[in-house]
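Novice: Protein sequences appear in the order of chains A and B. For my numbering, add 2 to where a residue sits in the first sequence, where the first one is 1. For my numbering, add 26 to where a residue sits in the second sequence, where the first one is 1.
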Amino acid sequence: MRLSEFLVEGALIHDLKAASKEDAIRALVGKLVEVGRVLEKDAEDISRAIMKRESLGSTAIGGGVAIPHARHVSVQSLIGTVAVCPGGMPFESKDGKPVYVLVLIISPHDRPGDHLRALENVSSALRDTKFVELLRNSEEQNQLARLLLGTESP
Amino acid sequence: MNALVRKKLQVTHPMGFHMRPKAAFAEVAGQFQAEIMVYWEGRAFNGKRMWDLMLVAAAMGSEIECEANGPDAEQALDALAAVLALDHDTDS
Numbered sequence: 003m004r005l006s007e008f009l010v011e012g013a014l015i016h017d018l019k020a021a022s023k024e025d026a027i028r029a030l031v032g033k034l035v036e037v038g039r040v041l042e043k044d045a046e047d048i049s050r051a052i053m054k055r056e057s058l059g060s061t062a063i064g065g066g067v068a069i070p071h072a073r074h075v076s077v078q079s080l081i082g083t084v085a086v087c088p089g090g091m092p093f094e095s096k097d098g099k100p101v102y103v104l105v106l107i108i109s110p111h112d113r114p115g116d117h118l119r120a121l122e123n124v125s126s127a128l129r130d131t132k133f134v135e136l137l138r139n140s141e142e143q144n145q146l147a148r149l150l151l152g153t154e155s156p
Numbered sequence: 027m028n029a030l031v032r033k034k035l036q037v038t039h040p041m042g043f044h045m046r047p048k049a050a051f052a053e054v055a056g057q058f059q060a061e062i063m064v065y066w067e068g069r070a071f072n073g074k075r076m077w078d079l080m081l082v083a084a085a086m087g088s089e090i091e092c093e094a095n096g097p098d099a100e101q102a103l104d105a106l107a108a109v110l111a112l113d114h115d116t117d118s
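#1: Compare the beta carbon distance of A/E46 and A/V35 with 8 Å and say whether it is the shorter of the two.
#2: Restricting to runs no shorter than 3 residues, where is the beta strand (DSSP E) found entirely within the region 84-155 of chain A?
#3: Which two residues bound the contiguous beta strand (DSSP E) that contains B/V64?
#4: Using the three-state DSSP reduction, which class does A/A72 fall into: helix, strand or coil?
#5: By DSSP's criteria, A/G59 is part of a beta bridge. Which residues make up the other side?
#6: Looking only at DSSP bridge pairs, what is A/I174 linked to?
#7: Quick check on A/L30: does DSSP put it in helix, strand or coil?
#8: Between the C-alpha atoms of A/D116 and B/M27, what's the straight-line distance to the nearest angstrom?
#9: To the nearest angstrom, how far is it from the Cα of A/E142 to the Cα of A/E135?
#10: In whole angstroms, what separates the C-alpha of A/L151 from that of A/A120?
#11: Taking Cβ positions, are B/A102 and B/A55 nearer each other than 8 Å?
#12: Just the Cα atoms here: how many angstroms apart are A/G187 and A/D17?
#13: Beta-carbon within less than 8 Å of B/M86's beta-carbon, same chain only, minus the 5 sequence neighbours each way: which residues are those?
#14: Given a threshold of 16 other Cβ atoms within 10 Å of its Cβ, counted over all protein chains shown, does B/A70 qualify as buried or as exposed?
#15: Using a cut-off of 9 Å between C-beta atoms, extract the partners of A/P92 located in chain B.
#16: Taking only beta-carbon atoms, is B/A99 less than 8 Å away from chain A?
#17: Is DSSP giving B/R32 helix, strand or coil here?
#18: Using only alpha-carbon positions, find the residue among A/H74, A/A68, A/K96 that is nearest to A/A85.
#19: Consider the Cβ of A/I108: report whether some Cβ of chain B lies at a distance smaller than 8 Å.
#20: Assign A/D130 to buried or exposed, taking buried as 16 or more other Cβ atoms, counted over all protein chains shown, within 10 Å of its Cβ.
#21: Contact criterion: CB-CB distance below 8 Å. Does A/G32 meet it with respect to chain B?
#22: Determine which residues share a DSSP beta bridge with A/L9 and list them.
#23: For A/S155, which residues in the same chain have their Cβ closer than 7 Å to its Cβ, ignoring the five residues on either side in sequence?
#24: When you compare the CB of A/E154 with every CB in chain B, is at least one pair closer than 8 Å?
#25: Suppose contacts are defined by Cβ-Cβ distances below 8 Å. Is B/V109 in contact with B/C92 by that definition?
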């Protein structure tokens with residue numbers, strides 16, 4: 003799955019300020035509610051599912067990137083959003099370093115292949131440290147959207 | 027003595043080779059001296075690097091080929107086969 007197929011443009015956050023992992027996850031899910039891609043009644047349950055997954059092991063994979071995710075019955079197709087935290091935040095990374103880019107993914111229960119392909123494409127883009135640096139330096143939401151959605155090859 | 031061992035491992039988890047088995051794979055691979063490579067869909071990945079393994083979107087029922095090269099190659103592949111056989115429950 004290409005990033006533009008599942009990232010919700012209106013829910014991207016270029017200047018997240020969050021005190022904790024939980025705050026960050028709630029902010030991202032809240033953004034998906036704000037743009038109508040998640041129902042308000044499901045937001046708490048989704049946030050909890052993501053935190054439960056984090057409790058099994060942090061999804062911070064190094065390089066300042068984390069991919070918090072969960073499966074949830076309320077979504078029919080895989081959706082995601084991205085937050086950039088310019089100041090960095092603790093995310094229990096293996097390398098002990100702060101996280102600057104969070105990619106939140108919610109997938110339906112019955113589409114494990116989409117989930118794996120989404121992880122593959124997110125990782126393919128974000129393993130490039132220069133690209134992560136560009137994302138970190140986004141000064142506005144549009145710029146973040148252009149970087150994430152506008153430069154993919156077909 | 028160095029040994030080069032290759033083994034095909036089947037992905038048995040319903041969620042495929044998802045993020046937690048990947049993290050466990052990289053961690054276990056890192057405990058061995060042997061170099062660990064993973065081959066999937068004609069591409070080669072460093073089995074000790076999470077960022078490499080994240081690109082292996084192997085679904086349930088598919089096979090990944092693992093290669094270990096080093097003095098503890100046999101033990102490494104046995105340990106990695108055990109990681110893939112573990113049931114990392116249904117959360118990804």
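Backbone N, C-alpha and C fix where the C-beta goes; we use that ideal spot for every residue, glycine too.
Specialist: With the given structure in hand:
#1: no
#2: 101-109
#3: 61-66
#4: strand
#5: According to DSSP, which records beta bridges pairwise, A/G59 is partnered with nothing at all.
#6: The first residue shown for chain A is 3 and the last is 156, placing residue 174 of chain A beyond what the model contains.
#7: Note: A/L30 maps to helix in three-state DSSP.
#8: 43 Å
#9: 14 Å
#10: 14 Å
#11: Yes, they are a contact pair.
#12: Only positions 3 to 156 of chain A appear in this structure, which leaves residue 187 of chain A out of reach.
#13: V37, T38, H39, P40, M41, G42
#14: exposed
#15: Residues of chain B passing the Cβ test: none, with the nearest at roughly 18 Å.
#16: Closer than 8 Å to the CB of B/A99 there is not a single CB belonging to chain A.
#17: strand
#18: A/A68
#19: no
#20: Around the Cβ of A/D130, a 10 Å sphere holds fewer than 16 other Cβ atoms; the residue is exposed.
#21: Cβ-Cβ to chain B under 8 Å: no for A/G32.
#22: According to DSSP, residue pairing for A/L9 in a beta bridge involves A/G82.
#23: Unreliable positioning characterises A/S155 in this predicted model, as indicated by a pLDDT of 45, which lies under 50. The coordinate reading is nonetheless provided below. Taken in chain order, the list of residues that qualify is empty.
#24: Annotation note: pLDDT 49 at A/E154 (below 50); position unreliable, coordinate value reported separately. At a cut-off of 8 Å between beta carbons, A/E154 makes no contact with chain B.
#25: no
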